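Protein chains: 2
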Amino acid sequence: MTKPSPLSHSLHAWMDAFMHRSMRGWTHFAKSTGLSMSQFSILMQLHHKGPCGMSDISERFDITNAAASQLVDKLVQSGYLERAEDPSDRRAKLLKLSHNGAKLVEQGMNERHRWMDELTKNLSADEQKKIIEALDILTKAAKNVDK
Amino acid sequence: MTKPSPLSHSLHAWMDAFMHRSMRGWTHFAKSTGLSMSQFSILMQLHHKGPCGMSDISERFDITNAAASQLVDKLVQSGYLERAEDPSDRRAKLLKLSHNGAKLVEQGMNERHRWMDELTKNLSADEQKKIIEALDILTKAAKNVDK
DNA sequence: CTTGTTAGTTAAGTGGACTAAACTATATGC
DNA sequence: GCATATAGTTTAGTCCACTTAACTAACAAG
Numbered sequence: 137m138t139k140p141s142p143l144s145h146s147l148h149a150w151m152d153a154f155m156h157r158s159m160r161g162w163t164h165f166a167k168s169t170g171l172s173m174s175q176f177s178i179l180m181q182l183h184h185k186g187p188c189g190m191s192d193i194s195e196r197f198d199i200t201n202a203a204a205s206q207l208v209d210k211l212v213q214s215g216y217l218e219r220a221e222d223p224s225d226r227r228a229k230l231l232k233l234s235h236n237g238a239k240l241v242e243q244g245m246n247e248r249h250r251w252m253d254e255l256t257k258n259l260s261a262d263e264q265k266k267i268i269e270a271l272d273i274l275t276k277a278a279k280n281v282d283k
Numbered sequence: 137m138t139k140p141s142p143l144s145h146s147l148h149a150w151m152d153a154f155m156h157r158s159m160r161g162w163t164h165f166a167k168s169t170g171l172s173m174s175q176f177s178i179l180m181q182l183h184h185k186g187p188c189g190m191s192d193i194s195e196r197f198d199i200t201n202a203a204a205s206q207l208v209d210k211l212v213q214s215g216y217l218e219r220a221e222d223p224s225d226r227r228a229k230l231l232k233l234s235h236n237g238a239k240l241v242e243q244g245m246n247e248r249h250r251w252m253d254e255l256t257k258n259l260s261a262d263e264q265k266k267i268i269e270a271l272d273i274l275t276k277a278a279k280n281v282d283k
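Protein sequences, first through last, are from chains A and F. Its first residue numbered 137, the first sequence is counted upward by one per residue in the working numbering. Its first residue numbered 137, the second sequence is counted upward by one per residue in the working numbering.
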C-alpha cells in the first residue's frame with residue numbers, strides 16, 4: 137500500500153464528496169420525471185454523444201439489442217426521443233433527442249448545477265479564479281483521455 | 137436566460153465531463169460485483185455516513201422501511217453488512233459495513249479514482265499544484281454546504 | 001397497566017429491466 | 001443470385017426492487 141500523492145489525495149477527496157452528493161441529485165431527478173434510471177441514462181447518453189444507432193445504446197450500457205429496443209421504445213412513446221430510419225443503411229435506426237427530450241436533459245443538468253453554484257458563490261474572487269483555472273485544465277485533460 | 141458567469145461555465149463543463157465518465161464506471165463496477173445499483177448504493181451510504189438504522193436507509197433512498205429491510209437483508213446474507221441490535225433502543229437496528237463490505241467499497245472507489253489519476257498524471261507540476269489548491273477549496277466548501 | 005407510537009420484519013403482489021430465441025428486413029461477399 | 005452477416009423488433013418468461021398490509025416487539029406517557 138503506497139502512500140498516495142497530494143494530488144491523488146485532493147482528487148479523491150473531491151470526487152468522493154462530489155459523487156455522493158451528485159448521485160443523490162441524479163436519482164432524485166430521474167425519479168421525479170417518472171423515468172427510470174435506465175431510461176434517463178439513455179437520454180443523457182444521447183445528449184452527450186449526439187444521435188446514434190440502437191447498437192450504440194446496447195453497447196454503451198452493456199445490454200442486449202432487445203433490451204435497448206424496448207427502453208428506446210418507451211422513450212419514443214413518451215415523446216423524448218425520435219427514432220428514424222438511417223438513410224445510409226435502412227436496417228439501422230437513427231436515434232435523437234426530441235425537443236422535449238433535450239429540454240428534460242437540460243432541466244436535469246440545471247438541478248445538478250445548482251448545487252455547484254451554491255458551493256462556490258461565497259468564495260473570494262481569488263479562490264474563484266483558481267477554481268476556474270484548475271477545472272478548465274481538468275476538463276481539457278478529460279477530453280483528451282476520452283479520445 | 138441570463139449568461140452564465142465564467143465560474144459557472146467552468147464548473148458545469150467539468151461536471152458534465154466528470155459525471156458522464158464516472159457514472160459509467162460506477163454502474164459497471166456495481167454490475168461486476170453481482171450487486172444491484174440499489175444494494176451497492178446502500179454500501180456507499182454506509183461508507184459515507186457510518187453506521188445507522190434502517191429508517192435512515194429508507195429515508196435516504198426514499199423507499200419504504202419494508203424495501204430497505206429487504207435490501208439490507210440481502211446484503212447481510214451476502215456478508216457485506218452487519219445488522220446488530222441498537223443497545224440504546226432495542227427496536228432499532230445498527231447497520232454497519234462488514235470487513236468484506238468495506239473492502240468492496242474501497243475497491244469500487246479505487247476503480248473510479250484510477251481514471252482521475254490517469255487524467256492528471258501527464259500534467260505539469262504547476263498545473264497539478266493549481267488543481268490541488270482548487271479542489272481542496274471545493275471539497276471544504278462542499279462539506280460546509282452539506283452541514 | 002394500558003393505550004398509542006415507533007422500528008423493523010414478513011408476505012403477497014405489481015411493475016419494470018432484462019434475456020434468449022425466433023423473426024423481419026436490409027446489406028455484403030462470392 | 002445465393003449464402004451469410006448485420007440491425008433491429010417481438011414474445012415469453014425471469015429476476016429484482018418496490019409497495020401495501022398485517023404483524024411483532026419495544027418504548028413512552030397517562
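We put the beta carbon where it would ideally sit given N, CA and C, even for glycine. These numbers were taken from a predicted model, which means no experiment stands behind them.
Bridge partner(s) assigned by DSSP for residue i
i, result
"E221 of chain F", "F:K229"
Top-ranked residue by Cα proximity to residue i, from the options
i, options, result
"L179 of chain F", "F:T200, F:A238, F:K229 and F:F165", "F:A238"
"Q285 of chain A", "A:R160, A:L271 and A:A204", "This structure gives no information on residue 285 of chain A, because the portion of chain A shown stretches from 137 to 283."
"T169 of chain F", "F:D282, F:D192, F:G215 and F:S158", "F:G215"
"L271 of chain A", "F:K210, F:E263, F:L231 and F:H183", "F:E263"
"D222 of chain A", "A:T200, A:A166 and A:M190", "A:M190"
"S234 of chain F", "F:E242, F:E218 and F:L171", "F:E218"
"S260 of chain A", "F:L274, F:L259 and F:M252", "F:L274"
"A277 of chain A", "F:L230, F:N246 and F:A149", "F:A149"
"N280 of chain F", "A:E269, A:T200, A:K257 and A:K266", "A:K257"
"C188 of chain A", "A:D253, A:V241, A:H156 and A:L231", "A:L231"
"D209 of chain F", "F:E254, F:L240, F:S174 and F:F154", "F:S174"
"L171 of chain A", "A:H183, A:P142 and A:L240", "A:L240"
"P140 of chain A", "F:D282, F:E269, F:H156 and F:N246", "F:N246"
"F176 of chain A", "F:V212, F:I193 and F:H156", "F:H156"
"T163 of chain F", "A:L211, A:D198, A:E254 and A:L255", "A:D198"
"S158 of chain A", "A:D253, A:K265, A:I267 and A:I268", "A:D253"
"V212 of chain A", "A:R250, A:N236 and A:L143", "A:N236"
"A228 of chain A", "A:K266, A:N201 and A:L207", "A:N201"
Min CB distance residue i to chain A below 8 angstroms
i, result
"K239 of chain F", "no"
"L147 of chain F", "yes"
"I178 of chain F", "no"
Test: residue i CB closer than 8 angstroms to a CB of chain F
i, result
"S144 of chain A", "yes"
"V281 of chain A", "yes"
"L231 of chain A", "no"
"L207 of chain A", "no"
"L274 of chain A", "yes"
"E269 of chain A", "yes"
"A90 of chain A", "With chain A running from 137 to 283 in the structure shown, residue 90 of chain A is simply not present."
"A278 of chain A", "yes"
Looking at chain A, which residues of the region 246 to 266 of chain F have a Cβ within less than 8 angstroms of any of its Cβ atoms?
For the region 246 to 266 of chain F, the set of residues with a beta-carbon nearer than 8 angstroms to any beta-carbon of chain A comprises R248, H249, W251, M252, D253, E254, L255, T256, N258, L259, E263, Q264 and K266, in chain order.
Whole runs of the alpha helix (DSSP H) within the region 182 to 208 of chain F, excluding any shorter than 4 residues:
The region 182 to 208 of chain F contains these whole alpha helix (DSSP H) runs: 190 to 197.
Tell me which residues of the region 182 to 203 of chain F have at least one Cβ-Cβ distance to chain A shorter than 7 angstroms, keeping chain order.
So the close ones are H184.
May I ask you to list, following chain order, the residues of the region 155 to 170 of chain F that have a beta carbon less than 9 angstroms from some beta carbon of chain A?
Answer set for the region 155 to 170 of chain F: M155, H156, R157, S158, M159, R160, W162, T163, H164 and K167.
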